[in-house]
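Student: Got a structure here, written out as structure tokens. Questions coming.
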């Protein structure tokens, strides 16, 4: 054996000449590309046969569905040339003059550019300068720009004119995973193809064919697991198949793939689902613990449980979905049984709780514990009635306990509902049943002032007809509070209320406000204490998210500005301002009417004056 032969044999034995399956079985023509992309192939076939070849193409889809491969095949079809055929064609069964170089990415007239690393206007300017030159040997000069959405705004703008009116010998092919980031001005100049996710059944067929060509023993359930994990990406699926072959020592076995992917046994997922819909918490936790000890990832268990819930729900409306070859036999049969016996509302509730629980388990420092808590919630919720059943039972219960509709919770105390400033309604269960009103007088507690100012006001038991408690001091507006602070000679609180408090809602014992910038942090607590001392009742003062009305100072400033504006509209004032350039209205003062003037103010002529007009007697200071 020669040295060269010995080196070749050593290279083969060590695997240095091995090509991964994703590259080895990369599609080379549109026949291979038919897996999952039939609409695009049909469109291109018709376009090439009729000579309606676009100037630019936009290929979009998730990772691994074949965007770059499709771009190379399309470039090959545009430049196809054999001794017998010299025109663009879809039939690429016989390798052409340029085919090999194009598929290997080394043809001089097919320029590939990664927009992720060439994002600027300078890179696009280089393309624009080169498009004027004709191709060296091919029919078309083809520019393939991958991840085109990564181009800058300036780069897109620089490309627009050339893209709209390119030379006859130039074609553009763009590929992207983020079609929404591509400007509409660019999309409108391209023929767009959306490459679909490859279905699990198509992936299983592809993996079976490749395993047969490679002489690899592969169990159907193992290939189905890989197809589901690939999530529609042929490249990801072939990478996983490569990994499974290495993991299984030259064979693709179900148990090996399950351990490699951290998946739970699909049959055991069905058992876990059965325990949950029965509401058997203990059995569900025992099943999960067994799967966890067997090596299953807690997040993967919840994800598989969500997939099975989706399958059961889908089978209720699409029974033919059970024919999916990526499903195992037990999944197919058991899911059909559950679809007949589990209500849609229950399935929907399980689905929603799993959607919330999976991220909790992923972000938890103890994913197993988080997953168990999710399972406990799921099993507990299985005993709860559906919303429509609860509403029906509530209506029936209301009819049998008074003959009327359920009582509407009130907005204040006394057994009603409590409404916080965010608008949330927290009603007690006792509000659901109408309570009979007593015919005679009822006893109630009413707050009364204490003669001793050093003590907190106490309650006094009174017997009187039921009525809403009234505050001892009328407080109906924020101005009342400011005036009350003035009467109590509390200048600090009065100033704070006037400058910083924007009222939102006020009622006896309740004040919702918004505060302006610069308000002290203790203002609300201080105001609640002061109001209790001044009025003799307990006050709840809360901060609201609503904007509220202007503060007293802001309202006075607005009123003053309105008076000045009205004064400017007065004909006499306008004449004065015109006669004396540079004169300004500094203040407008409204004098209190004299007793004899009050009678004149009631005259019809005065009643006809509009609100805000400057009337006789008003002082205008320039």
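Residue numbers (our numbering): 21 to 642. Yeah, the Cβ is synthetic: ideal placement off N, Cα and C, and Gly gets one too.
Report the three-state DSSP secondary structure of residue 85 (helix, strand or coil).
Tutor: On the chain shown, residue 85 is found 65 positions in, with the first residue counted as 1. It is coil, neither helix nor strand.
Student: Count the other C-beta atoms from every protein chain shown that fall within 10 angstroms of the C-beta of residue 313, then say buried if there are 16 or more, exposed otherwise.
Tutor: On the chain shown, position 293 is the one that residue 313 refers to. Answer is exposed; the Cβ neighbour count stays below 16.
Student: If distances are taken between C-alpha atoms only, which option among 80, 152, 231 comes closest to residue 42?
Tutor: The residue you call residue 42 lines up with position 22 of the chain shown. Among 80, 152, 231, the Cα nearest to that of residue 42 belongs to 231.
Student: To which residues of the same chain is residue 246 closer than 7 angstroms at the C-beta, ignoring the five residues directly before and after it?
Tutor: Counted from its first residue, the chain shown places residue 246 at position 226. Cβ within range, chain order: 227, 257, 260, 261, 264, 277.
Student: Which value, in whole angstroms, describes the spacing of the CA atoms of residue 145 and residue 175?
Tutor: Locating residue 145 in the chain shown gives position 125, counting from the first residue. Locating residue 175 in the chain shown gives position 155, counting from the first residue. Spanning the two alpha carbons is a distance of roughly 8 angstroms.
Student: Using the C-alpha atoms, what's the distance from residue 500 back to residue 553?
Tutor: Against the chain shown, residue 553 aligns to sequence position 533. Against the chain shown, residue 500 aligns to sequence position 480. Rounded to whole angstroms, residue 553 to residue 500 spans 15 angstroms at the Cα level.
Student: Among 218, 201, 153, whose alpha-carbon lies nearest the alpha-carbon of residue 188?
Tutor: What you label residue 188 is simply residue 168 of the chain shown in a count that begins at 1. With distances taken between Cα atoms, residue 188 lies closest to 153.
Student: Spatial neighbours of residue 325 within its chain, please: CB distance less than 7 angstroms, with the 5 preceding and 5 following residues excluded, ordered by chain position.
Tutor: Indexing the chain shown from 1 puts residue 325 at position 305. So the list reads 289, 292, 293, 374, once near-sequence residues are dropped.
Student: From this set, 120, 105, 168, 123, which residue's C-alpha is nearest residue 136's C-alpha?
Tutor: For the purposes of this step, residue 136 is identified with residue 116 of the chain shown, where counting begins at 1. Checked all of 120, 105, 168, 123; the closest Cα to residue 136 is 168.
Student: Looking only at its chain, what residues have a beta carbon closer than 7 angstroms to the beta carbon of residue 4, apart from the 5 residues adjacent to it on each side?
Tutor: Past the edges of the chain, shown from 21 to 642, lies residue 4, and the structure says nothing about it.
Student: Taking contact to mean at least 3 C-beta pairs separated by less than 8 angstroms, is the segment 199-216 in contact with the segment 60-79?
Tutor: The answer is yes - the segment 60-79 touches the segment 199-216, with three or more Cβ pairs under 8 angstroms.
Student: Beta carbon of residue 338, beta carbon of residue 382: below 7 angstroms?
Tutor: Position 318 of the chain shown, counting from 1, holds the residue named residue 338. Position 362 of the chain shown, counting from 1, holds the residue named residue 382. Result no, Cβ atoms of residue 338 and residue 382 do not sit closer than 7 angstroms.
Student: Is it true that the CB of residue 162 sits closer than 7 angstroms to the CB of residue 95?
Tutor: By 1-based counting over the chain shown, the position of residue 95 is 75. By 1-based counting over the chain shown, the position of residue 162 is 142. A contact, by the Cβ cut-off of 7 angstroms.
Student: Expressed to the nearest angstrom, what Euclidean distance is found between the alpha-carbon atoms of residue 286 and residue 348?
Tutor: Counted from its first residue, the chain shown places residue 286 at position 266. Counted from its first residue, the chain shown places residue 348 at position 328. C-alpha separation (whole angstroms): 8 angstroms.
Student: Report back the beta-carbon spacing between residue 308 and residue 398 to the nearest angstrom; my notes put them in contact at under 8 angstroms.
Tutor: Translated into positions along the chain shown, residue 308 becomes position 288. Translated into positions along the chain shown, residue 398 becomes position 378. Not quite, the Cβ-Cβ distance comes to about 11 angstroms (not below 8 angstroms), so this is no contact.
Student: Which partner residues of residue 60 appear in the DSSP bridge assignment?
Tutor: In the chain shown, counting from the first residue as 1, residue 60 sits at position 40. In the DSSP output, where bridge partners are listed per residue, residue 60 has none listed.
Student: For residue 494, which residues in the same chain have their Cβ closer than 8 angstroms to its Cβ, ignoring the five residues on either side in sequence?
Tutor: Locating residue 494 in the chain shown gives position 474, where the first residue counts as 1. These residues qualify, in order along the chain: 500.
Student: Alpha carbons only, please: which of 609, 306, 194, 556 is nearest the one belonging to residue 580?
Tutor: Position 560 of the chain shown, counted from the start, is the residue given in the question as residue 580. Nearest of 609, 306, 194, 556 to residue 580, Cα basis: 609.
Student: Is residue 532 closer than 7 angstroms to residue 497 when the C-beta atoms are compared?
Tutor: Working through the chain shown from its first residue, we reach residue 497 at position 477. Working through the chain shown from its first residue, we reach residue 532 at position 512. No. Outside cutoff.
Student: From residue 544 to residue 361, what distance separates their C-alpha atoms?
Tutor: In the chain shown, the residue the question calls residue 544 occupies position 524. In the chain shown, the residue the question calls residue 361 occupies position 341. Their Cα atoms are separated by approximately 56 angstroms.
Student: Could you work out which residue in 89, 120, 88 is closest to residue 100 when comparing CA atoms only?
Tutor: Walking along the chain shown from the start, residue 100 turns up at place 80. Nearest of 89, 120, 88 to residue 100, Cα basis: 120.
Student: Runs of 3 residues minimum, wholly inside the segment 295-320: which ones carry the beta strand (DSSP E) assignment?
Tutor: The segment 295-320 contains no whole beta strand (DSSP E) run of 3 or more residues.
Student: Take the Cβ of residue 38 as the centre, count every other Cβ of all protein chains shown within 10 Å, and call the residue buried at 16 or more, exposed below.
Tutor: Taking the first residue of the chain shown as position 1, residue 38 is located at position 18. Residue 38 should be labelled exposed.
Student: Helix, strand or coil: how does DSSP classify residue 99 here?
Tutor: Residue numbering aside, residue 99 sits at position 79 when the chain shown is read from its first letter. Three-state result, residue 99: coil.
Student: Where does residue 141 sit, in a helix, a strand or coil, going by DSSP?
Tutor: In the chain shown, the residue the question calls residue 141 occupies position 121. Here residue 141 sits in helix by DSSP.
Student: Among residues of its own chain, excluding the 5 on either side of residue 280, which ones have a beta-carbon nearer than 7 angstroms to its beta-carbon?
Tutor: Counted from its first residue, the chain shown places residue 280 at position 260. So the list reads 263, 264, 267, once near-sequence residues are dropped.
Student: Given that a residue counts as buried once 16 or more other Cβ atoms are within 10 Å of its Cβ, and exposed if not, what is residue 591?
Tutor: In the chain shown, residue 591 corresponds to position 571, counting from 1. By the neighbour-count rule (16 or more Cβ atoms within 10 Å), residue 591 is not buried but exposed.
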